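Each residue of the sequence shown is one higher than the last, beginning at -16 in our numbering. For every residue, glycine included, the Cβ atom is placed at its ideal position computed from N, Cα and C. Here the structure is a predicted model, which means the values were calculated and not measured. See structure below.
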Amino acid sequence: MDSDQLAENSLDCPSYIAKPGADLFGILSENGKVNYLPEKIRIDKTFVEESQKGRPAEERFRFSGKCIQHGCNQWENGKCGLIEKVIFLHQNPVSASLQNCAIRNSCRWYAQEKELACANCSGVFRNSETIFLQTL
Ligand code: SF4
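Structure representation (structure tokens):
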């Protein structure tokens, strides 16, 4: 396996579920946009249990975790199909200033779509794969 393939296989999904071992990297503000944390925070069972009280944690926080590629129902034609849908839905152009994001170096969406992914990322508030990934 070459280094490109290794890097490809180590990318993280930026629309992950709240489960122990995932990384918290964003908090939804009242206007529905993501506030990106300066550092990602590894979450544990206690955080998951507390954060699920009230409404699903995925509606209030953004998490990342290992991209499972073919194991995910969003995987299409050798890449994540979800970010293309997100971009199509929001239609935000690339902005002059890129927001800070603690997971950019390993983000699957950024690896695929670069700044266009980031321009359309902050409106994502719910992991549409929640039910699927909870079964893993
Ligand atoms: S798309 Fe950009 S802003 Fe969103 S999680 Fe990935 S690197 Fe961060």
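Per DSSP, which residues does residue i bridge with? Please list them.
{"i": "V17", "result": "L11"}
{"i": "D(-5)", "result": "K49 and C90"}
DSSP on residue i, reduced to helix/strand/coil?
{"i": "G48", "result": "strand"}
{"i": "K62", "result": "strand"}
{"i": "K2", "result": "coil"}
{"i": "I70", "result": "helix"}
{"i": "K28", "result": "helix"}
Can you grab the Cα-Cα spacing for the pair residue i / residue j, in whole Å?
{"i": "C84", "j": "A94", "result": "13 Å"}
{"i": "S34", "j": "K97", "result": "30 Å"}
{"i": "G9", "j": "A100", "result": "15 Å"}
{"i": "N14", "j": "G61", "result": "34 Å"}
{"i": "D(-15)", "j": "E67", "result": "27 Å"}
{"i": "A5", "j": "E41", "result": "12 Å"}
{"i": "L125", "j": "S47", "result": "The structure shown has nothing for residue 125, since the chain only spans -16 to 119."}
{"i": "C50", "j": "L(-11)", "result": "13 Å"}
{"i": "Q117", "j": "V31", "result": "With a pLDDT of 44 at Q117, under the threshold of 50, the modelled position of this residue cannot be trusted, and the question is left open."}
Quick one: is residue i buried, meaning 16 or more other Cβ sit within 10 Å of its Cβ, or exposed?
{"i": "I0", "result": "buried"}
{"i": "R91", "result": "buried"}
{"i": "Q57", "result": "buried"}
{"i": "K23", "result": "buried"}
{"i": "V77", "result": "exposed"}
{"i": "D27", "result": "exposed"}
{"i": "N88", "result": "exposed"}
{"i": "D(-13)", "result": "exposed"}
{"i": "S12", "result": "exposed"}
{"i": "F44", "result": "buried"}
Should residue i be counted as a contact of ligand 2 given a C-beta to heavy atom distance under 8 Å?
{"i": "P39", "result": "The ligand content of the structure shown is limited to ligand 1, which means ligand 2 is not among them."}
With ligand 1 as the reference, list in chain order each residue whose Cβ lies under 5 Å from any of its heavy atoms.
P(-3), C84, R87, C90, W92, Y93, A100, C101 and C104
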